[in-house]
Amino acid sequence: MSAKKVILLDDEPIVGERLQPALEKAGFQVESYTDSQQVVDRLARERFDVLVTDLKMRKPDGLEVMRFAKRQWPGIKVIIITGFATVETATEAMREGAVEFIAKPFKIRALRDLILRITADTEQSPPS
Amino acid sequence: MSLWKKLFSHPPASETSEGVRLQLERFQQIVQHNNSILARIADAGEQLSGEYIFDTQYLRDLAEKLAQDVRAVVQALNELTGGRYQELVEIVSDLDYRLRAMLEGRTVTPAAAVILRLEEIGTELAGVAGEKMARLGELSRVLGIPVPAGVVVSADACRRFLDELGITTIVTANRELPGEQLQQLAGELQQRILDARVPRWLSRNLRRAARKLLRQSGAHSLAVRSSAVGEDGEVSFAGQYHTELGVSPGRIEDAYRRVVASLFSSRVVEYRQRHGLDPLEGLMAVGILAMVPARASGVVYTLDPNSPASDALLIGAGWGLGCSVVDGSQSADRFLVSRRPPHEIVGSSLASKEFQVVTTPLPGTQRQAVAPERHQVPALTPEQLAELAGLALRVERYGRCAQDIEWALDEQGRLLLLQARPLRVSPSSAASTVTVDNERYPVLLQGRGEVACRGVGCGPVWIPGEQASLNDVPEQAVVVSPTATPRLAAWLPRAAAVVTDVGSATGHLAAVAREFRIPTIVDTHVASRVLVPGEMVTVDADENIVYRGEVEELIKEHLLQESSFEEKREFRLLRRMLHQVAPLNLDDPSSRKFSAGNCRTYHDVIRFAHEMAVRELVRGRWLHAARAGQSVYRLAVDIPIDLLIIDLGGGVEVPPGRSEVSLEEVTSAPLLFLLRGLVGKGVWATEPADMDLGGFMSSATRTSSLATPLTVQPEQNVAIVSTHYLSLNLKLGYHYNLVNCRLADDAGENFVYFRFAGGVTELARRSRRAMFLRRVLERYDFVVESKGDLVIARLKMVDGERLRGSLEMIGRLVGFTRQLDIYLRSDELVEAYVEKFLSAAGGTHAAAGTDG
Numbered sequence: 000m001s002a003k004k005v006i007l008l009d010d011e012p013i014v015g016e017r018l019q020p021a022l023e024k025a026g027f028q029v030e031s032y033t034d035s036q037q038v039v040d041r042l043a044r045e046r047f048d049v050l051v052t053d054l055k056m057r058k059p060d061g062l063e064v065m066r067f068a069k070r071q072w073p074g075i076k077v078i079i080i081t082g083f084a085t086v087e088t089a090t091e092a093m094r095e096g097a098v099e100f101i102a103k104p105f106k107i108r109a110l111r112d113l114i115l116r117i118t119a120d121t122e123q124s125p126p127s
Numbered sequence: 000m001s002l003w004k005k006l007f008s009h010p011p012a013s014e015t016s017e018g019v020r021l022q023l024e025r026f027q028q029i030v031q032h033n034n035s036i037l038a039r040i041a042d043a044g045e046q047l048s049g050e051y052i053f054d055t056q057y058l059r060d061l062a063e064k065l066a067q068d069v070r071a072v073v074q075a076l077n078e079l080t081g082g083r084y085q086e087l088v089e090i091v092s093d094l095d096y097r098l099r100a101m102l103e104g105r106t107v108t109p110a111a112a113v114i115l116r117l118e119e120i121g122t123e124l125a126g127v128a129g130e131k132m133a134r135l136g137e138l139s140r141v142l143g144i145p146v147p148a149g150v151v152v153s154a155d156a157c158r159r160f161l162d163e164l165g166i167t168t169i170v171t172a173n174r175e176l177p178g179e180q181l182q183q184l185a186g187e188l189q190q191r192i193l194d195a196r197v198p199r200w201l202s203r204n205l206r207r208a209a210r211k212l213l214r215q216s217g218a219h220s221l222a223v224r225s226s227a228v229g230e231d232g233e234v235s236f237a238g239q240y241h242t243e244l245g246v247s248p249g250r251i252e253d254a255y256r257r258v259v260a261s262l263f264s265s266r267v268v269e270y271r272q273r274h275g276l277d278p279l280e281g282l283m284a285v286g287i288l289a290m291v292p293a294r295a296s297g298v299v300y301t302l303d304p305n306s307p308a309s310d311a312l313l314i315g316a317g318w319g320l321g322c323s324v325v326d327g328s329q330s331a332d333r334f335l336v337s338r339r340p341p342h343e344i345v346g347s348s349l350a351s352k353e354f355q356v357v358t359t360p361l362p363g364t365q366r367q368a369v370a371p372e373r374h375q376v377p378a379l380t381p382e383q384l385a386e387l388a389g390l391a392l393r394v395e396r397y398g399r400c401a402q403d404i405e406w407a408l409d410e411q412g413r414l415l416l417l418q419a420r421p422l423r424v425s426p427s428s429a430a431s432t433v434t435v436d437n438e439r440y441p442v443l444l445q446g447r448g449e450v451a452c453r454g455v456g457c458g459p460v461w462i463p464g465e466q467a468s469l470n471d472v473p474e475q476a477v478v479v480s481p482t483a484t485p486r487l488a489a490w491l492p493r494a495a496a497v498v499t500d501v502g503s504a505t506g507h508l509a510a511v512a513r514e515f516r517i518p519t520i521v522d523t524h525v526a527s528r529v530l531v532p533g534e535m536v537t538v539d540a541d542e543n544i545v546y547r548g549e550v551e552e553l554i555k556e557h558l559l560q561e562s563s564f565e566e567k568r569e570f571r572l573l574r575r576m577l578h579q580v581a582p583l584n585l586d587d588p589s590s591r592k593f594s595a596g597n598c599r600t601y602h603d604v605i606r607f608a609h610e611m612a613v614r615e616l617v618r619g620r621w622l623h624a625a626r627a628g629q630s631v632y633r634l635a636v637d638i639p640i641d642l643l644i645i646d647l648g649g650g651v652e653v654p655p656g657r658s659e660v661s662l663e664e665v666t667s668a669p670l671l672f673l674l675r676g677l678v679g680k681g682v683w684a685t686e687p688a689d690m691d692l693g694g695f696m697s698s699a700t701r702t703s704s705l706a707t708p709l710t711v712q713p714e715q716n717v718a719i720v721s722t723h724y725l726s727l728n729l730k731l732g733y734h735y736n737l738v739n740c741r742l743a744d745d746a747g748e749n750f751v752y753f754r755f756a757g758g759v760t761e762l763a764r765r766s767r768r769a770m771f772l773r774r775v776l777e778r779y780d781f782v783v784e785s786k787g788d789l790v791i792a793r794l795k796m797v798d799g800e801r802l803r804g805s806l807e808m809i810g811r812l813v814g815f816t817r818q819l820d821i822y823l824r825s826d827e828l829v830e831a832y833v834e835k836f837l838s839a840a841g842g843t844h845a846a847a848g849t850d851g
């Protein structure tokens, strides 16, 4: 079985820099971006299993990227990682189909386990 | 007339009832903000464990919320005291300015002396001494590695120098300049420094320090080295600043100017810009070191950058001073030496070393020809190579990443460390792919407890006994402890890793572990039973696993990680911010230094504000107006403590109009548990102490002025309370007790501060009692400081159940120690009383449990 693909988007480089190795260690194939347009371009061409995105960014913002991802790949799971200030927007994202939102700062382990869980759900034969 | 009588015999004027309510409200605000600030600081400290993802936005929010809350505290205090502490407003503004400056990438440095001695500095002073010199001082101090004698001209001196040249003003005015103009301006600033006359306050200091250094070290000349502030850990700065060798005291000012001017070199300006630092706002500390007349010198890379996976260090060595080896202008011998003892040579290529740079008796350096018969002779012997490898690996273990080290071999054949910095080696693949062979390295612990600081450490297991002292700790051991006692904190710098049975990631030990970047796992419940003393283990605090054996792959991988999390800009920034926020310098309210003007951090400000607010409430004239049964009560218990209770809300439950309150009517959790301990069976000894003549004479000749004064000296014992809060000033005979506490179920904001001083006997006995208190309190995991008969103990971030137990213990302790100094006739008796107290404590705990 090939590795699940995760695409990360946060305009602050440290988020991707730290998450990418941690998720790769857990067996995921990971791409990380700080520019949301690049993520839209990648999603236009390729399917990912999980999108992890911040909300507040230069246009297109996280919500718009999420909408695009959902249109393009209805099965994609979206996780919002956001600062405390944008919790309200995050709730809106949940209504539009994000699986979960996690407020920054968060434990790396928590996000990794969440991704492991939601990608396990999409397996053909889920582990018992 | 006692305060009590004053309070209740004179009915208050009608207008004061509103005044009382307002004052209590202000006090309450101070307490509440205090708690939330402390919780926020603790939370920020925990971010440094590496377990969390946080970003710059978090840091901005942190700075903003802290400033907001601390300002609210100061405002409430000023309202409470009629504006007595306006000074604090300015101090808070200054701290806020500094934090914001840091966030904007500008360099700020604390005020400091012009000249600092190298042996006094460590990495905690990186903001003053620059990263390079701070690290050199630290390695010499902690690991005992020989370094040249030296001093540091502080970054604060540089700031003053630049201020006087008008450069700070120019920089501030031109912050937004576009790239090309910026470079041009930087060039002009550089020239301005080079052309400037060094001000007298600075030149005097420079010359005096230089002459003294030469006199004391016997060296002929000096090395003047850059040690920039604010770029800690940024290895790419290496070699970009100016360094000057062979400097005489007469030329010290020129050298200083040239090193400072290199702050504005085009390369540095460009680099700062690229890394989100303000391009012109660097500050330079400058190291002045005795020149080592080196027979040979060179560099060590603790991993071979060309082949990092191999098991070898790379050593470059040449004759004479190291400058030619470092800058590559001369060919040098290259040795590959095994990382494993006995550090055999696994490869070498000898260069023909025809020239060398040497120091000259006339201060300076000179390039001279090497005698032909020495051209092909290795610059280091196999024994010296092995010694150098051992030294380099110690630095690597301490620094927790691969190192790039400059060294020199002096005329006596002694190896000296000149500089050490992290070596960045590109890993072969981005992702970590190490799979640990579990057959070879069995998993001893996995997923147990909490990671307090990430990282990988390896060494033999060492379990400290009750009586263990710092000297017993083997260097680079894995310290495994059944408790998280603060005693461990002192040992951490020597440890390779720490694993405890209890404790929390927000505790004192965890904070110290993060400060020293020691991989630490706490609260495993079983580590001290599972791990065997002396056995080699590898602690992987990234994955929360402990393996048996030395998992070389894992250790190597960790050293190779492109950049460890601690090196990230956000981590360095948070660390620096916390230095302005978290340390508590004003710990003892009775000390002369306990003043508004001495507040250096936010923590100082809120501690000071709280103490002054308590004093105001206890002493304040407003109190005289308080009406019985409204906010002020008298405790009715069987023991003679005559305690006045000021209720801020929810602290007592008494029918209207009554001014006496029984123990059952106390609803302030911290006061209730403390009183339960104090009035507990057998605690309040009533029989007169059997005082021997020595104790009696001391007591009889003692005047009350000898007793260490409590900060607040009410005529009456006073407790200020609310549901979760207690501030207690209690004088029992000659003993002064101060307790500040917040007690709720959630550990986050819980804390207790206990201060004890005074006594009736001579200082030796009172000191014994202090020792007794210290031993008991440490068993309960308090952080304890004691000096003479003064004991200050703190405990924070513990859950409600534990804190209730701790308060009951303090209550018992206060009762138990009332006359204890009289009984403590010898040091040996201290231990006996500790045991007596602790064995009785077991019973009390059980009783408290069944009550709940």
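Chains as they are written, first to last, in numbering that gives the first Met the number 0: chain U, 0 to 127; chain S, 0 to 851.
By construction, the Cβ of each residue, glycine as well, lies at the ideal position given by its N, Cα and C atoms.
Practice task
Compare the C-beta of valine 14(U) against all C-beta atoms of chain S and say whether one is closer than 7 Å.
Solution key: Any Cβ of chain S closer than 7 Å to the Cβ of valine 14(U) would place that residue at the interface, and such an atom is present.
Practice task
Could you pull out every unbroken beta strand (DSSP E) segment of at least 3 residues lying fully inside the segment 236–300 of chain S, listed in chain order?
Solution key: The DSSP assignment places complete beta strand (DSSP E) segments of no fewer than 3 residues inside the segment 236–300 of chain S at 242–246, 282–289, 293–300, in order along the chain.
Exercise for the section: Quick one: using the 10 Å Cβ neighbour count with 16 as the cut-off for buried, is alanine 43(U) buried or exposed? Expected result: exposed
Practice task
Verify whether the separation of the beta carbon atoms of aspartate 303(S) and alanine 311(S) is less than 7 Å.
Solution key: yes
Handout entry: Cβ neighbours of glutamine 579(S) in the same chain (closer than 7 Å, five flanking residues each side left out)
Key = Cβ neighbours of glutamine 579(S) beyond the five flanking positions: Leu94, Arg97, Leu98, Thr600.
Practice task
Could you tell me the boundaries of the beta strand (DSSP E) in which tryptophan 200(S) lies?
Solution key: Careful: tryptophan 200(S) lies outside any beta strand (DSSP E), inside the alpha helix (DSSP H) at 199–216.
Exercise for the section: Return yes when the Cβ of valine 291(S) is within less than 7 Å of the Cβ of proline 147(S), no when it is not. Expected result: yes
Problem - contact_flag[the segment 584–594 of chain S, the segment 57–65 of chain S] where n(CB pairs < 8 Å) is 3 or more - result: Because the criterion of three Cβ pairs below 8 Å is not met, the segment 584–594 of chain S and the segment 57–65 of chain S do not touch.
Practice task
Identify the continuous beta strand (DSSP E) that holds glycine 757(S) and give its terminal residues.
Solution key: 750–757
Handout entry: DSSP three-state assignment for glutamine 365(S), whether helix, strand or coil
Key = strand
Practice task
Below 6 Å CB to CB, which residues in the same chain sit around leucine 705(S) once its five sequence neighbours on both sides are set aside?
Solution key: Because leucine 705(S) carries a pLDDT of 32, less than 50, the predicted location of this residue cannot be relied on, and the following value inherits that uncertainty. Correct list: empty, nothing qualifies.
Problem - Validate contact between the segment 492–508 of chain S and the segment 467–483 of chain S using beta carbons, cut 8 Å, 3 pairs - result: yes
Exercise for the section: Go ahead and label glutamine 31(S) buried or exposed: buried means 16 or more other beta carbons lie within 10 angstroms of its beta carbon, across all protein chains shown. Expected result: buried
Practice task
Let me know if leucine 193(S) comes out buried or exposed under the rule of 16 or more other beta-carbons within 10 Å of its beta-carbon.
Solution key: exposed
Exercise for the section: Give a yes or no on whether the minimum CB-CB distance between arginine 111(U) and chain S is below 7 Å. Expected result: no
Practice task
Could you list which residues in chain S have their beta carbon closer than 8 Å to that of glycine 82(U), in chain order?
Solution key: Within 8 Å Cβ-Cβ: Asp54, Gln56, Tyr57, Asp60.
Exercise for the section: Report the partner residues of threonine 80(S) according to the DSSP bridge assignment. Expected result: Threonine 80(S) has no beta-bridge partner at all, per DSSP.
Handout entry: Rounded separation between leucine 47(S) and alanine 92(U) - CA only
Key = 30 Å
Handout entry: Where lysine 786(S) sits in the DSSP three-state scheme
Key = In the three-state scheme derived from DSSP, where H, G and I count as helix and E and B as strand, lysine 786(S) is classed as strand.
Problem - Inside the segment 73–111 of chain U only - beta strand (DSSP E) runs reaching at least 3 residues - result: 76–81, 99–102
Handout entry: Per-residue contacts from proline 104(U) into chain S (C-beta, under 7 Å)
Key = Gln46, Tyr51, Ile52, Phe53, Tyr57
Practice task
Quick one: measure Cβ to Cβ for leucine 443(S) and tyrosine 300(S), integer angstroms, because I've assumed they're closer than 8 Å.
Solution key: So it is not a contact: roughly 33 Å between Cβ atoms.
Exercise for the section: Return the chain-ordered list of same chain residues with a C-beta closer than 6 Å to the C-beta of threonine 171(S), the five sequence neighbours on each side being excluded. Expected result: No residues qualify anywhere along the chain.
Handout entry: Residue(s) in a DSSP beta bridge with isoleucine 344(S)
Key = Val336(S), per the DSSP bridge assignment.
Practice task
Kindly indicate which residue of Glu514(S), Gly656(S), Gln28(S), Ala222(S) has the alpha-carbon position closest to the one of leucine 407(S).
Solution key: Before going further, note that residue 407(S) is alanine rather than leucine in the sequence given. Selected option, being the one with the closest Cα: Ala222(S).
Practice task
Could you tell me which chain U residues have their CB closer than 9 Å to the CB of glutamate 569(S), listed as they occur along the chain?
Solution key: Glu11, Ile13
Handout entry: Whether valine 813(S) touches asparagine 736(S) by CB criterion (7 Å)
Key = In contact: valine 813(S) and asparagine 736(S) (Cβ atoms closer than 7 Å).
Problem - Minimum Cβ-Cβ distance from arginine 41(U) to chain S less than 7 Å - result: no
Exercise for the section: Express the C-alpha separation of proline 278(S) and glutamate 175(S) in angstroms, rounding to a whole number. Expected result: Each residue's alpha carbon lies about 10 Å from the other.
Practice task
Flag isoleucine 114(U) as yes if its beta-carbon sits less than 7 Å from any beta-carbon of chain S, otherwise no.
Solution key: no
Practice task
Can you pull the chain S residues whose beta carbon is under 8 Å from the beta carbon of arginine 17(U), in chain order?
Solution key: Ile52, Phe564, Lys567
Practice task
Indicate whether at least one CB of chain S lies closer than 7 Å to the CB of isoleucine 107(U).
Solution key: For isoleucine 107(U), the nearest CB of chain S lies under 7 Å from its own CB, placing it at the interface with that chain.
Problem - Other residues of its chain near glutamine 215(S): CB distance less than 7 Å, five sequence neighbours each side excluded - result: Here the set comprises Ala148.
Handout entry: Which of helix, strand or coil DSSP assigns to leucine 115(S)
Key = strand
Handout entry: The alpha helix (DSSP H) enclosing methionine 101(S), as first and last residue numbers
Key = 85–102
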